[in-house]
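Here the numbering used here runs 16 ahead of the position in the sequence shown, where the first position is 1.
All C-beta atoms, glycine included, are put in the ideal place defined by N, C-alpha and C.
Bear in mind that the values here come from a model prediction, so they are computed numbers and not experimental data.
To keep things clear, I will list the structure first and then write my remarks on it.
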Amino acid sequence: MTTPSLLTRRAFARTLLAGSAVSLAALDELDAAIAQKITALNQKFLDDEAPDGAYWEEIRKLFEFEDRFIMMNNGTLGPMPKSVFNTLMRYFRVQVSNPYDGYNYLPAIRESVRDKLAAFVNASPDEVAITSNTTEGLNFVINGLDLKAGDEVLMSNLEHPGHIGPWKLKEKRAGIVIKEVPLSATARSVDEIVGAFAAAITPRARVLSISHTVFITGLIMPLRELSQLAHDKGLLILADSAHGIGMLDLDMKALGIDFFASSPYKWLGAPTGVGLLYVRKEAVDKVYPTVVSSGWETNAAASKLDPSGQRSDAMLYALDEALNFNNRIGKSRIERRIKVLAARLKQELAKIPGVKVHTPADPYLSAGLNAFSMGGALEAKLVDYLREKYNLVVRTTGNAKAGTFGVRVSTPIYVSTKEVDMVVEGVRTLLAHKA
Ligand SMILES: Cc1ncc(COP(=O)(O)O)c(C=O)c1O
């Protein structure tokens, strides 16, 4: 059997098109070979011996990229490892060719995926709902909370539309009051951030609703400290962590958060269409479900928030394999790798006159999203330059009026310092030629 790393794209496509019995076995073998490959790499390169270099070069080969394509915008959508794609195809094939099994046997995996997802973020399975994406998870919580006219919700000025929209809807329908707490685009300390929210809490405040992973600046909000503040003041706390799963070594118990929504297709390698919604045990009965069928009245677990009706179970199998893939490498190793690459990028950028790095240097307040500005409308030019010269994808982000407009660069595990340096070269070149 050809090992996955040696399998060409064309041969891989042929495998998928082969007769179903043969290809199901072939896909299983491919996945097993990828698992063995990671085990062998782990044995060869001990955890603390490979911050960069050969280990990660080999891991990169386990992803399915177009030739020379470099994805450094995981913040929007990340790639899948080959084994995740294999798994997705394997179970879509069941649905295509045997719909009876599609409803009879495929859904049986749901609870075991919930268990694995819960363990991945150090939560209990009855605290995990499986949604479609972060926006859906945020909508489910915000729509389902029983808030009254005049109740206040505190948000920051750095929130995503998928988080602002559902609160605006609630404002219109229930008369709640949204209070925006302005954070400086250069907020650099835990005290500054926690202090800004603490100062805004009034006796009408009910919910602190904030980004964990700020999509504009790359700031990682100090959730543990903010949860402490919220609970000390009797508030619930909701975190929009669209980028968190697969980027950070998450621990719900340590964070103490009430609600946490994340999208595993950005950094974890899952397909679009599956999402995590964590609800702390003590908060489950505070949320009504939104998309229901029978049984919601008696379900006391977070699974009551799973959207009801037929869903694509092939996605669940693929999510399961994405969790396996990340578990094999190790969550803390992944977080460390992402932060090592990010630190190099930020350090190099900070040396260049004219560049303003918007992301904190502190690894407690930052991770794999890195944002910076160059001035002179060079940001959009950099996006084009990197794509044309290196086939490397980044994006612009932020808002000029708020002083946050810039370029956003993700540093996922499958890139190396070589790709980080391509970004730095682009910045230097464009600034040198600005006339
Ligand atoms: C901070 C933040 N929240 C929410 C979202 C929406 O995520 P999704 O489209 O996966 O629901 C994004 C998307 O990038 C985001 O960056």
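*Looking only at its own chain, which residues have a Cβ that is under 6 Å from the Cβ of Lys297, when we skip the five neighbours before and after it?*
Within the sequence shown, the letter at position 281 stands for residue 297. Same-chain partners within the cutoff: Glu143.
*Jot down the residue ranges of each uninterrupted alpha helix (DSSP H) in the segment 46–81, minimum 4 residues, whole runs only, in chain order.*
Those alpha helix (DSSP H) runs which fall completely within the segment 46–81 and span 4+ residues are 70–76.
*Give me whichever residues DSSP pairs with Asn386 in a beta bridge.*
Here residue 386 corresponds to residue number 370 of the sequence shown, with the count starting at 1. Val425, per the DSSP bridge assignment.
*Exposed unless 16 or more other CB atoms sit within 10 angstroms - verdict on Lys188*: The residue given as residue 188 occupies position 172 in the sequence shown. Of the residues assessed, Lys188 falls on the exposed side of the cut-off, its CB having fewer than 16 other CB atoms within 10 angstroms.
*Run of the beta strand (DSSP E) containing Leu170, from where it starts to where it stops*: Here residue 170 corresponds to residue number 154 of the sequence shown, with the count starting at 1. That run of the beta strand (DSSP E) goes 168–172.
*Is Asn149 near ligand 1, judged by its Cβ being under 6 Å from some heavy atom?*
As a first step, residue 149 is located in the sequence shown; it is residue number 133 there, counting from the start. A distance criterion of 6 Å places the beta-carbon of Asn149 in contact range of ligand 1, judged by its closest non-hydrogen atom.
_Contacts around Leu245, its chain only, beta-carbon distance under 7 Å, and the 5 residues preceding and following it disregarded_ = Stepping through the sequence shown from its first residue, residue 245 is reached at position 229. Its chain contains Val210, Phe213, Ala214 as the residues whose beta carbon lies nearer than 7 Å to that of Leu245, once the 5 sequence neighbours on both sides are disregarded; these appear in chain order.
*Does the beta carbon of Ala178 fall short of 6 Å from some heavy atom of ligand 1?*
The residue labelled residue 178 in the question sits at position 162 within the sequence shown. Per the sequence shown, residue 178 should be read as Gly rather than Ala. Yes, ligand 1 has a heavy atom inside 6 Å of this Cβ.
_C-beta atoms of Val373 and Glu395 nearer than 7 Å_ = Working through the sequence shown from its first residue, we reach residue 373 at position 357. Working through the sequence shown from its first residue, we reach residue 395 at position 379. If you check the CB distance, Val373 and Glu395 do not come in under 7 Å.
*Along the chain, where does the beta strand (DSSP E) that runs through Gly291 open and close?*
In the sequence shown, counting from the first residue as 1, residue 291 sits at position 275. Element bounds for Gly291: 291–295.
_One question on the structure: do Ser257 and Phe276 come within less than 7 Å of each other, judged by their Cβ atoms?_
Taking the first residue of the sequence shown as position 1, residue 257 is located at position 241. Taking the first residue of the sequence shown as position 1, residue 276 is located at position 260. In this structure, Ser257 places its C-beta atom within 7 Å of the C-beta atom of Phe276.
*Where does Val197 fall in DSSP's three states?*
Translated into positions along the sequence shown, residue 197 becomes position 181. When DSSP states are grouped into helix, strand and coil, Val197 belongs to the strand group.
*Buried or exposed: where does His179 fall if 16 or more other Cβ atoms within 10 Å of its Cβ makes it buried?*
Residue mapping note: residue 179 aligns to position 163 of the sequence shown, counting from 1. Here His179 is buried. Its C-beta has 16 or more other C-beta atoms within 10 Å.
_Which of the three DSSP states is assigned to Ile368 in this structure?_
If you number the sequence shown from 1, residue 368 lands on position 352. Of the three classes helix, strand and coil, the one that applies to Ile368 here is coil, per DSSP.
*Over what stretch of residues does the beta strand (DSSP E) that includes Ser128 continue unbroken?*
The count along the sequence shown starts at 1 and reaches residue 128 at position 112. Ser128 -> not in any beta strand (DSSP E); alpha helix (DSSP H) instead, spanning 126–136.
_Run of the beta strand (DSSP E) containing Ala270, from where it starts to where it stops_ = Indexing the sequence shown from 1 puts residue 270 at position 254. Counting along the chain, Ala270 falls outside any beta strand (DSSP E), though it belongs to the alpha helix (DSSP H) covering 268–271.
*In chain order, what residues of the same chain lie with their CB nearer than 6 Å to the CB of Asp454, ignoring the 5 residues before and after it?*
Because the chain spans 17 through 451 in this model, residue 454 falls outside it and cannot be assessed.
*asked:* If I measure Cβ to Cβ from Phe28 and keep anything under 6 Å in the same chain, skipping five residues before and after, which residues do I get?
replied: The count along the sequence shown starts at 1 and reaches residue 28 at position 12. Since pLDDT at Phe28 reaches only 37, below the 50 mark, its modelled position is unreliable, and the value read off the structure follows with that caveat. Hits under 6 Å: none found.
*Consult DSSP for Ser243 and reduce its assignment to one of helix, strand or coil.*
Indexing the sequence shown from 1 puts residue 243 at position 227. Note: Ser243 maps to helix in three-state DSSP.
_Could you compute how far the alpha carbon of Val38 sits from the alpha carbon of Glu127?_
Sequence index remark: in the sequence shown, residue 38 carries index 22 (1-based). Sequence index remark: in the sequence shown, residue 127 carries index 111 (1-based). Unreliable placement is indicated for Val38, whose pLDDT of 42 sits below 50; no coordinate value is reported for it.
*asked:* If I measure Cβ to Cβ from Leu254 and keep anything under 7 Å in the same chain, skipping five residues before and after, which residues do I get?
replied: On the sequence shown, residue 254 is found 238 positions in, with the first residue counted as 1. Taken in chain order, the residues that qualify are Val157, Val223, Ser225, Asp274, Phe275.
*Would you check if the distance between the CB atom of Lys98 and the CB atom of Glu80 is smaller than 7 Å?*
Position 82 of the sequence shown, counted from the first residue, corresponds to residue 98. Position 64 of the sequence shown, counted from the first residue, corresponds to residue 80. Contact flag set, yes.
_Between Gly291 and Ser279, how many whole angstroms is the CB-CB distance? I'm expecting something under 8 Å._
Here the question's residue 291 lines up with position 275 in the sequence shown. Here the question's residue 279 lines up with position 263 in the sequence shown. So it is a contact: roughly 6 Å between Cβ atoms.
*Beta carbon of Ser113: closer than 6 Å to some heavy atom of ligand 1?*
Your numbering for residue 113 matches position 97 in the sequence shown. Not one heavy atom of ligand 1 sits closer than 6 Å to the Cβ of Ser113.
*Could you round the C-beta distance between Ile368 and Ile429 to whole angstroms and report it? I think they count as a contact, below 8 Å.*
Reading the sequence shown from its first residue, position 352 is the one you call residue 368. Reading the sequence shown from its first residue, position 413 is the one you call residue 429. So it is not a contact: roughly 25 Å between Cβ atoms.
_Can you give me the C-alpha to C-alpha distance between Phe388 and Tyr71, rounded to a whole angstrom?_
Counting from one through the sequence shown, the residue named residue 388 turns up at place 372. Counting from one through the sequence shown, the residue named residue 71 turns up at place 55. For Phe388 and Tyr71, the distance between alpha carbons rounds to 29 Å.
_Through-space distance from Val307 to Pro115, alpha-carbon basis_ = Taking the sequence shown and counting its residues from 1, one reaches residue 115 at position 99. Taking the sequence shown and counting its residues from 1, one reaches residue 307 at position 291. Rounded to whole angstroms, the gap between the alpha carbons of Pro115 and Val307 is 24 Å.
_Relative to the C-alpha of Glu175, which candidate in Asp162, Thr151, Ala190 has its C-alpha closest?_
The residue you call residue 175 lines up with position 159 of the sequence shown. Of the listed residues, the one whose Cα sits closest to Glu175 is Thr151.
*For Thr420 versus Val399, is the C-beta spacing smaller than 7 Å?*
The residue you call residue 420 lines up with position 404 of the sequence shown. The residue you call residue 399 lines up with position 383 of the sequence shown. The answer is no: Cβ separation not under 7 Å.
*Pro123 by DSSP, collapsed to three states: which one?*
For the purposes of this step, residue 123 is taken as the residue at position 107 of the sequence shown. Pro123 sits in a helix when the DSSP states are folded into three classes.
_Bounding residues of the beta strand (DSSP E) (the contiguous stretch that carries Ile253)_ = Residue 253 sits at position 237 when you count from the first residue of the sequence shown. Segment 252–256, the beta strand (DSSP E) holding Ile253.
*For Pro97: DSSP bridge partner residues*: On the sequence shown, residue 97 is found 81 positions in, with the first residue counted as 1. Its beta-bridge partners are Phe79.
*Over the uninterrupted alpha helix (DSSP H) stretch that includes Ile345, give me the two end residues.*
Against the sequence shown, residue 345 aligns to sequence position 329. Its alpha helix (DSSP H) spans residues 329–345.
*Buried versus exposed call for His449 [16 or more other C-beta atoms within 10 Å across all chains shown]*: The sequence position of residue 449 within the sequence shown is 433, counting from 1. Exposed, because fewer than 16 other Cβ atoms sit within 10 Å of the Cβ of His449.
*Range of the contiguous alpha helix (DSSP H) that encloses Arg403*: Locating residue 403 in the sequence shown gives position 387, counting from the first residue. Element bounds for Arg403: 394–406.
*Is Arg411 helix, strand or coil when you go by DSSP?*
The count along the sequence shown starts at 1 and reaches residue 411 at position 395. The answer is strand: DSSP assigns Arg411 an E or B state.
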